[in-house]
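Single-structure report; data block below.
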Amino acid sequence: MNKTVNQKAWFLVLPVLILVGFSAVIPLMTVVNYSVQDTFGNNVFFWAGLDWFRDMLESERMWNALGRQLVFSGIILAIEVPLGIFVALNMPKKGFWASFCLVLMSLPLLIPWNVVGTIWQIFGRVDIGLLGYTLAKLGVNYNYTQNVIDAWATVIVMDVWHWTSLVALLAYAGLQSIPDAYYQAAKIDQASRWKVFRFIELPKMAGVLMIAILLRFMDSFMIYTEPFVVTGGGPGNATTFLSIDLVKMALGQFDLGPAAAFSLMYFLVILLISWVFYTVMTNLDKRDGV
Amino acid sequence: MAKITLDNLAHSYLKHPKSDDDWALKELNHDWVDGEAYALLGSSGCGKSTLLNIISGLLRPSRGRILFDGRDVTDAPTAERNIAQVFQFPVVYDTMSVGDNLAFPLKNRGADPKYIAERVNSIAAMIGMEDQLKRKARGLTADAKQKISLGRGMVREDVNALLFDEPLTVIDPHMKWELRTQLKQLHHDFGHTMIYVTHDQTEALTFADKVVVMFDGRVVQIGTPQELFERPAHTFVGFFIGSPGMNLFEAEVSGTTATVRGVTVPLGDSYAPVAGQVQIGVRPEFVRLHAGGEGLPARITRVEDVGRHKIVRLEVGGTTANAILDEGTPVPAGADRVSFDAEAINVYADEWRVAPGTAQGRAA
Numbered sequence: 001m002n003k004t005v006n007q008k009a010w011f012l013v014l015p016v017l018i019l020v021g022f023s024a025v026i027p028l029m030t031v032v033n034y035s036v037q038d039t040f041g042n043n044v045f046f047w048a049g050l051d052w053f054r055d056m057l058e059s060e061r062m063w064n065a066l067g068r069q070l071v072f073s074g075i076i077l078a079i080e081v082p083l084g085i086f087v088a089l090n091m092p093k094k095g096f097w098a099s100f101c102l103v104l105m106s107l108p109l110l111i112p113w114n115v116v117g118t119i120w121q122i123f124g125r126v127d128i129g130l131l132g133y134t135l136a137k138l139g140v141n142y143n144y145t146q147n148v149i150d151a152w153a154t155v156i157v158m159d160v161w162h163w164t165s166l167v168a169l170l171a172y173a174g175l176q177s178i179p180d181a182y183y184q185a186a187k188i189d190q191a192s193r194w195k196v197f198r199f200i201e202l203p204k205m206a207g208v209l210m211i212a213i214l215l216r217f218m219d220s221f222m223i224y225t226e227p228f229v230v231t232g233g234g235p236g237n238a239t240t241f242l243s244i245d246l247v248k249m250a251l252g253q254f255d256l257g258p259a260a261a262f263s264l265m266y267f268l269v270i271l272l273i274s275w276v277f278y279t280v281m282t283n284l285d286k287r288d289g290v
Numbered sequence: 001m002a003k004i005t006l007d008n009l010a011h012s013y014l015k016h017p018k019s020d021d022d023w024a025l026k027e028l029n030h031d032w033v034d035g036e037a038y039a040l041l042g043s044s045g046c047g048k049s050t051l052l053n054i055i056s057g058l059l060r061p062s063r064g065r066i067l068f069d070g071r072d073v074t075d076a077p078t079a080e081r082n083i084a085q086v087f088q089f090p091v092v093y094d095t096m097s098v099g100d101n102l103a104f105p106l107k108n109r110g111a112d113p114k115y116i117a118e119r120v121n122s123i124a125a126m127i128g129m130e131d132q133l134k135r136k137a138r139g140l141t142a143d144a145k146q147k148i149s150l151g152r153g154m155v156r157e158d159v160n161a162l163l164f165d166e167p168l169t170v171i172d173p174h175m176k177w178e179l180r181t182q183l184k185q186l187h188h189d190f191g192h193t194m195i196y197v198t199h200d201q202t203e204a205l206t207f208a209d210k211v212v213v214m215f216d217g218r219v220v221q222i223g224t225p226q227e228l229f230e231r232p233a234h235t236f237v238g239f240f241i242g243s244p245g246m247n248l249f250e251a252e253v254s255g256t257t258a259t260v261r262g263v264t265v266p267l268g269d270s271y272a273p274v275a276g277q278v279q280i281g282v283r284p285e286f287v288r289l290h291a292g293g294e295g296l297p298a299r300i301t302r303v304e305d306v307g308r309h310k311i312v313r314l315e316v317g318g319t320t321a322n323a324i325l326d327e328g329t330p331v332p333a334g335a336d337r338v339s340f341d342a343e344a345i346n347v348y349a350d351e352w353r354v355a356p357g358t359a360q361g362r363a364a
């Protein structure tokens with residue numbers, strides 16, 4: 001087939017290039033620009049090379065934040081994924097209650113992040129919060145502003161409350177796509193409940209679960225608003241995750257250079273993990289698609 | 001192995017069925033004789049699969065009982081009934097190997113590993129997948145997957161019955177023939193009670209000892225292929241079985257003759273007066289064509305040569321009809337009359353066959 005060569009067609013792509021340029025490339029390049037320069041104010045900049053990157057890689061502060069972040073994401077995934085699957089398995093398959101559960105499950109997903117943070121901030125307060133007050137009355141020494149364990153527990157429970165629905169809804173969609181014949185065949189083969197889960201439900205959910213895990217990982221890895229509203233990163237630095245630390249550095253201390261280097265590395269870590277997930281997922285698809 | 005009895009069985013998918021149409025399966029009494037091969041034949045949506053799922057226990061009937069060797073199992077779960085069932089679309093456990101798939105029903109029942117290996121090997125040989133036992137089931141073609149499903153259905157030797165729900169729909173034609181032959185062989189060797197649901201008459205007639213024809217939620221006839229051919233109990237059977245199906249003509253019947261559009265047609269038997277909408281049915285194989293003489297006026301619209309025989313499409317008094325001529329027989333020149341073999345004519349009142357010599361009623 002003869003293809004018509006028409007270089008003018010490039011003009012059709014131009015609007016997208018401009019849009020992406022202004023919304024992504026240029027801001028990112030500004031960050032890159034800051035990351036290799038230093039300033040003493042007055043808009044005077046000096047070339048700093050890779051110093052900031054070296055600094056940040058040696059900075060205990062960043063490694064601690066990264067460590068906390070990984071622990072947080074790990075705990076979130078370890079709770080939300082099994083819990084979401086469990087909820088999905090126990091949701092009604094059809095009828096009024098199925099719709100009811102779906103609406104109920106989506107509610108937390110619709111609440112803005114800082115509202116979620118505010119809700120839990122108040123909910124956990126010892127003086128007026130329902131949770132904090134009740135715990136105090138029951139004799140439990142709970143205070144998320146002073147106790148590290150309590151702060152972590154509050155932030156984790158809050159995230160579980162906010163986002164388990166997402167995993168559950170995705171898992172539910174996966175479950176709904178399994179034809180009845182599979183369950184019938186399993187009954188005839190006398191498979192136990194566990195085997196039905198292990199050999200029918202889990203393999204059929206694998207695709208959506210990968211997406212759920214990816215979404216939950218990315219989201220929890222970038223979490224900012226909710227812990228910021230509830231604990232402000234405290235007590236001390238106990239709940240200072242990467243984003244919170246980054247904002248403190250960039251806006252609180254106005255250390256633009258290190259913050260820029262930090263955010264670039266942050267970005268690369270996320271990119272790397274996304275790539276790994278993407279590769280794993282497409283390989284799963286390939287196995288399916290033969 | 002067991003005799004399966006359906007006692008006043010009926011099923012509706014609605015909670016409160018009102019009219020007759022609400023019943024997916026109308027009241028039914030039947031014994032499935034131990035060790036026979038049955039085909040359940042009917043068009044889509046006639047209740048075949050419903051009946052099958054009731055027998056296997058996947059569905060609880062709204063009314064009536066189901067008995068295995070006289071024991072009421074209406075409320076017994078599927079596992080307790082010890083039945084094997086193969087579904088229309090392949091069900092395989094993707095993450096398991098082919099061999100593990102075949103072994104699954106036996107493993108779940110805690111069978112001896114040596115016995116399992118033995119059975120898996122013989123079933124694999126039967127479905128022609130010996131060399132793929134180690135392969136993962138994921139990514140196999142649909143017919144390979146269906147062969148695994150079939151194999152999984154047959155791996156247990158002690159089942160009460162083997163149920164097949166249109167299992168060969170997704171299989172290639174040449175493989176279809178082979179698998180069907182193997183199923184027959186299996187039936188011959190082990191004598192399982194087999195119920196085979198299909199909408200393909202060739203499949204039904206070649207597979208089964210007895211064919212159960214269903215129409216609109218009702219069993220309209222149970223019989224050997226020959227009975228279905230010679231004495232269809234319902235016009236649907238006449239029409240559905242045979243290619244082309246039975247010719248039907250509005251008629252008035254009295255004694256040993258029928259009158260079709262003013263022409264007298266001799267019958268093979270004597271009939272008591274018949275009420276209702278009366279039709280006579282005659283298979284194309286028993287329609288004779290000739291020029292002039294006795295019989296109904298007819299016009300040939302088309303002749304189709306299908307190899308073994310010729311199908312002559314006719315127009316008889318405003319309705320279409322068919323005749324079959326042997327390959328060697330030429331279409332008579334100037335043929336404008338049809339007559340029928342008197343012995344091969346069946347009389348129907350309101351769709352149901354009338355037995356000769358009796359008053360109106362359903363045929364035995």
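Respectively, the protein sequence lines represent chains V and F.
This note's numbering numbers the first residue of the first sequence as 1 and each following residue consecutively.
This note's numbering numbers the first residue of the second sequence as 1 and each following residue consecutively.
Quick reminder that beta carbons are idealized off the backbone N, C-alpha and C, glycines included.
Bear in mind the structure is a predicted one, so any value in this text is a computation, not a measurement.
Against chain V, a Cβ distance below 8 Å from Gln85 (chain F) picks out Gln184, Ala185, Ile188. Exclusion of the five residues before and after Leu52 (chain F) leaves Leu163, Asp165, Val197 as the residues of its chain whose Cβ lies within less than 6 Å of its Cβ. Residue contact with chain V for Pro167 (chain F): absent (no Cβ-Cβ distance below 7 Å to any residue of chain V). Listed by position along chain V, the residues whose Cβ is nearer than 7 Å to that of Asp94 (chain F) are Pro203. The beta carbon of Thr264 (chain F) lies closer than 8 Å to those of Thr257, Ala258 in the same chain, with the five residues before and after it left out. The residue from V:Phe241, V:Lys94, V:Thr4 with its alpha-carbon nearest to that of Ser220 (chain V) is V:Phe241. If you look at Phe340 (chain F), you'll find it in the beta strand (DSSP E) that goes 337-340. Annotation for Ile122 (chain V): Gly129 place their beta carbon closer than 6 Å to its own, counting only its chain and skipping 5 residues before and after.
Ala151 (chain V) has a beta carbon lying at 7 Å or more from every beta carbon in chain F. Closest in alpha carbon position to Asp21 (chain F), among F:Ala39, F:Asp143, F:Gly217, is F:Gly217.
Distance from the CA atom of Asp269 (chain F) to the CA atom of Gln146 (chain F), rounded to whole angstroms, is 49 Å.
The segment 233-248 of chain F and the segment 307-324 of chain F touch, with three or more beta-carbon pairs separated by less than 8 Å.
Here Arg81 (chain F) is buried, its C-beta having at least 16 other C-beta atoms within 10 Å.
Look at Pro105 (chain F): its C-beta is under 7 Å from a C-beta on chain V. Among the CB atoms of chain F, none fall inside 7 Å of the CB of Ala98 (chain V). Contact note: Phe86 (chain V) does not reach chain F at a C-beta cutoff of 9 Å; the least C-beta distance is about 20 Å.
Per DSSP, reduced to three states, the secondary structure at Met56 (chain V) is helical. Secondary structure of Pro15 (chain V) (DSSP, three-state): helix. In this structure, the beta-carbon distance from Glu130 (chain F) to Ala124 (chain F) falls below 7 Å. Leaving aside the five residues that flank Pro227 (chain V) on each side, the residues in its chain whose CB is nearer than 6 Å to its CB run, in chain order, Val155, Thr239. Separation of the CB atoms of Ala233 (chain F) and Val212 (chain F) is rounded to 12 Å, and the pair is thereby denied contact status at 8 Å.
For Pro173 (chain F), the three-state secondary structure derived from DSSP is helix.
Using a Cβ distance threshold of 7 Å, His174 (chain F) and Ala37 (chain F) do not count as a contacting pair. Only those residues of the segment 43-70 of chain F whose C-beta falls short of 7 Å from the nearest C-beta of chain V are listed: Ser56, Leu58.
If you check each beta-carbon in the segment 158-184 of chain V against every beta-carbon of chain F, the ones closer than 8 Å belong to Pro179, Ala181, Tyr182, Gln184. With contact defined as three or more Cβ pairs closer than 8 Å, the segment 334-347 of chain F and the segment 285-296 of chain F are in contact. Residues of chain F whose Cβ lies closer than 7 Å to the Cβ of Phe199 (chain V) are, in chain order, Tyr93, Thr95, Met96.
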